[in-house]
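Residue numbers (our numbering): -14 to 671. Report on the structure given below.
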């Protein structure tokens, strides 16, 4: 047996076909639990082992750093660590960042640009909306932030938005505000030599469009391109891929249109549905054997998803046995739902002896978690809520990261303003206003403007001391991080000590316990610097900051890396890519799942895909919970059964009604006819 044929061992026929089909465009339709990561990694190893390309000529792109790391690890097991290191296995954003670090000067930016985090962008947008006088109307900074992100991911610019026709006066007003805010936000980012997360994609596309020689070099390097989770690509990512594969066209995309659940942030399911329109000679291979779930779970999922009209036909099957039916509990309200779910969980554990980590409670919205947290706490059952505050969004972490960002990029105004008075230095709004005026009229960075305030004696004497101390710290540590006179973590620890930051934490913490937790978060940042430095031969502050932003992307990294401790509570979106032996799906009513907004906006297909994703997280057993009433907007309202329940073949479900008979009767009773209005006697006429 030749050395590279071993990469085909243990694959089923469709998987093997996907690995061996190396030339030209290939679409691999990989159903849930069908072993797609195995296929991608074996395909990479097969291409290298067959001598079709050197490792540095391969690019594999996915959506999370965890998925990229797992892929890299598996490839290393197959090809050896040295070979795996030469392959570019990356997220879209990390790949684009790598391109921009080398070539962004062609777009008029300095190579030491910083990445604006979600929190930084929100702070900047609040400033922008305040300056434009639109904050506090019917839209706020967070609304604009989401809209700008969606616009960037769909390839919209302020100019293209300005030219869009509005349907009514309200929309016209919003559109005007939106284009003004978008344009001013972009200008502010540019002045700060900063890019937000979405810019990493759009700027790379622009770079290649304006400098075709750079695109040609990338095309020459990457002769084989593979993309995981292709159904989640947006318009900009699609255009990047089309540009990159060029005439070579060795593009293999792997995905499942039935699991496309990110339309709200710009993902376009048409990219996978219409793949052959762009590549008429594409080979399509379907992976439909599921290695995760029972036949019952898959039959339920198949029954639901076949009701979507715009989809590629596939029917998942399994050889893991039929398994037990899906249980469906009908309860009174959300409090009953939580109690019944916890009681049912305890019963399953008593019968099977499984671990708490084998259970997941999935819901459509984070707002639904509260009753379950309370019920689990009352029952003494440990649990973990996923999707809480991101580590990098905690105040003390943002403070330290902002110091490092100002040191790395003196033009990062958002970071500068965050820390100029942390700890307190007596630098007030009047002084900052003077500095901003110098920025505006003389084109200086905020740091240079503050230095000018000092030189021109424009600030009060007590303020001058604070400015001098702050600028001195920034300049001193900029030199230290540049010269690397000590390990990165040692320099950072010195910085924290020099600015008396732990004293500031002690002063602002409400309790000793809170202080200890916040101090540990600061220590975690310093430890992260040490870990980063240990893994590279050329440690640089910029590279560390890049890594911190890329590792806090898309809201999914932190929950995937957390250690499971007890029952997992999470949204269905957060559960994507995970699996659990026992899955509870709650809120099975119209208005919850499907979400009320999707019903009114005609977005039911994506909601159905979301339910499909929830069902296919289950390995052994799935339980559904439906409440007859819920409190919404402060009022108790009767609920309608989720329309998706009727799409599951009835022989697969066992229903248990745990609600009071009166509530059930109230729901199923036909509406009482309205009394006929009494006829008035005819008016007498004289």
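Every residue, glycine too, gets a C-beta built ideally from N, C-alpha and C. Small disclaimer: the values here were computed from a predicted structure and weren't measured.
Q. In chain order, what residues of the same chain lie with their CB nearer than 6 Å to the CB of residue 608, ignoring the 5 residues before and after it?
A. 312, 569, listed in sequence order.
Q: Grab the span of the alpha helix (DSSP H) containing residue 91 for me, first residue to last.
A: Premise fails: residue 91 is in no alpha helix (DSSP H) and is neither H nor E.
Q: Sort 464, 488, 496 by Cα distance to residue 525 and report the nearest one.
A: When each option's Cα is compared against that of residue 525, the closest is 464.
Q) From residue 384 to residue 315, what does the alpha carbon distance come to, in whole angstroms? A) Straight-line Cα distance between these residues: approximately 48 Å.
Q) So is residue 438 buried or exposed if we call it buried at 16+ other beta carbons inside 10 Å? A) Looking at its Cβ environment, which holds 16 or more other Cβ atoms inside 10 Å, residue 438 is buried.
Q) Hey, is the segment 357 to 377 in contact with the segment 324 to 332, meaning 3+ C-beta pairs nearer than 8 Å? A) Of all C-beta pairs linking the segment 357 to 377 to the segment 324 to 332, three or more are shorter than 8 Å, placing the two stretches in contact.
Q. Per the contact definition of three or more C-beta pairs closer than 8 Å, is the segment 146 to 158 in contact with the segment 100 to 112?
A. As far as the Cβ criterion goes, the segment 100 to 112 does not touch the segment 146 to 158, which means the pair count is below three.
**Q.** residue 32, enclosing alpha helix (DSSP H) - first and last residue
**A.** Per DSSP, residue 32 belongs to the alpha helix (DSSP H) from 21 to 34.
Q | Proximity winner among 550, 632, 573, relative to residue 342 (alpha-carbon distances) | A | Comparing Cα positions, the closest option is 550.
Q.
What ranges does the beta strand (DSSP E) occupy inside the segment 298 to 354, keeping only unbroken runs of at least 3 residues that lie completely in it?
A. Uninterrupted beta strand (DSSP E) stretches at least 3 residues long and entirely within the segment 298 to 354 occur at 311 to 316, 344 to 348, given in chain order.
Q) Leaving out the 5 sequence neighbours to the left and right, which residues in its chain are closer than 7 Å to residue 117 when beta-carbon positions are compared? A) Taken in chain order, the residues that qualify are 165, 166, 169.
Q. Which parts of the segment 96 to 164 are runs of the beta strand (DSSP E), unbroken and 3 residues or longer, counting only runs that do not cross its ends?
A. DSSP runs (the beta strand (DSSP E)) wholly in the segment 96 to 164: 99 to 101.
Q: Return the first residue and the last residue of the beta strand (DSSP E) that residue 197 is part of.
A: DSSP places residue 197 in no beta strand (DSSP E) but in the uninterrupted alpha helix (DSSP H) bounded by 197 to 206.
(Q) Going by the DSSP bridge assignment, what does residue 639 pair with across the sheet? (A) Checking the DSSP bridge columns, you'll see residue 639 partnered with 312.
Q | Environment of residue 356 [buried if 16+ CB atoms lie within 10 Å] | A | Taking a 10 Å sphere around the C-beta of residue 356, we find 16 or more other C-beta atoms and assign the residue as buried.
Q. Under three-state DSSP, which class holds residue -1?
A. Helix at residue -1.
Q | Cβ-Cβ separation, residue 14 to residue 263 (assumed contact under 8 Å), whole Å | A | Contact flag wrong, Cβ pair sits at about 16 Å.
Q: Go to residue 412, then tell me how far its alpha helix (DSSP H) extends in each direction, as first and last residue.
A: Per DSSP, residue 412 belongs to no alpha helix (DSSP H) and is neither H nor E.
Q. In three-state terms, what does DSSP make of residue 603?
A. Judged by DSSP in its simplified three-state form, residue 603 adopts strand.
Q.
In this structure, how does DSSP classify residue 445 when only helix, strand and coil are distinguished?
A. Here residue 445 sits in coil by DSSP.
Q. Leaving out five residues before and five after residue 509 in sequence, what residues of the same chain have Cβ atoms less than 8 Å from its Cβ?
A. Result list for residue 509: 376, 382, in chain order.
Q | Start-to-end residues for the beta strand (DSSP E) that takes in residue 74 | A | Run containing residue 74: 73 to 76, per the beta strand (DSSP E) assignment.
Q.
Just to confirm the assignment, what range does the alpha helix (DSSP H) spanning residue 383 have?
A. Residue range 380 to 393 is occupied by the alpha helix (DSSP H) that includes residue 383.
Q.
Using only the alpha-carbon positions, how far apart do residue 139 and residue 132 sit?
A. Approximately 11 Å, taken between the alpha carbons.
Q. What is the rounded straight-line gap between the Cα of residue 452 and the Cα of residue 324?
A. Going by the C-alpha atoms only, they are around 57 Å apart.
**Q.** residue 364 to residue 55 span [Cα, whole Å]
**A.** When rounded, the distance between both Cα atoms is 36 Å.
Q: Pair every Cβ in the segment 251 to 263 with every Cβ in the segment 597 to 613, then say whether three or more of these pairs are closer than 8 Å.
A: Too few Cβ pairs lie closer than 8 Å, so no.
Q. Alpha carbon to alpha carbon, what distance is there between residue 523 and residue 294?
A. Cα to Cα, residue 294 sits roughly 52 Å from residue 523.
Q: Could you tell me which of 483, 176, 555 sits nearest to residue 564, measuring between CA atoms?
A: Ranking 483, 176, 555 by Cα distance to residue 564 puts 555 first.
Q | Distance between residue 57 and residue 69 (C-alpha atoms, nearest Å) | A | Each residue's alpha carbon lies about 7 Å from the other.
Q) How would you call residue 658, buried or exposed, if buried means at least 16 neighbouring beta carbons within 10 angstroms? A) In this prediction, residue 658 scores a pLDDT of 49, lower than 50, which makes its location untrustworthy; the coordinate-derived value is nonetheless stated afterwards. Of the residues assessed, residue 658 falls on the exposed side of the cut-off, its CB having fewer than 16 other CB atoms within 10 angstroms.
**Q.** For residue 47: DSSP bridge partner residues
**A.** Answer is 76.
Q: Give the secondary structure of residue 668 by DSSP, where H, G and I count as helix, E and B as strand, and everything else as coil.
A: In this predicted model, residue 668 has a pLDDT of only 46, less than 50, meaning its place in the structure is not dependable; the value taken from the coordinates is given anyway. Secondary structure of residue 668 (DSSP, three-state): coil.
Q) How would you label residue 243, buried or exposed, when you count the other beta carbons within 10 angstroms and need 16 or more for buried? A) With 16 or more neighbouring CB atoms inside 10 Å of its own CB, residue 243 falls in the buried class.
**Q.** Residue interval of the beta strand (DSSP E) (run including residue 621)
**A.** Counting along the chain, the beta strand (DSSP E) containing residue 621 begins and ends at 620 to 623.
Q. What does residue 181 pair with, by DSSP beta-bridge criteria?
A. DSSP output for residue 181 lists 101 as bridge partner(s).
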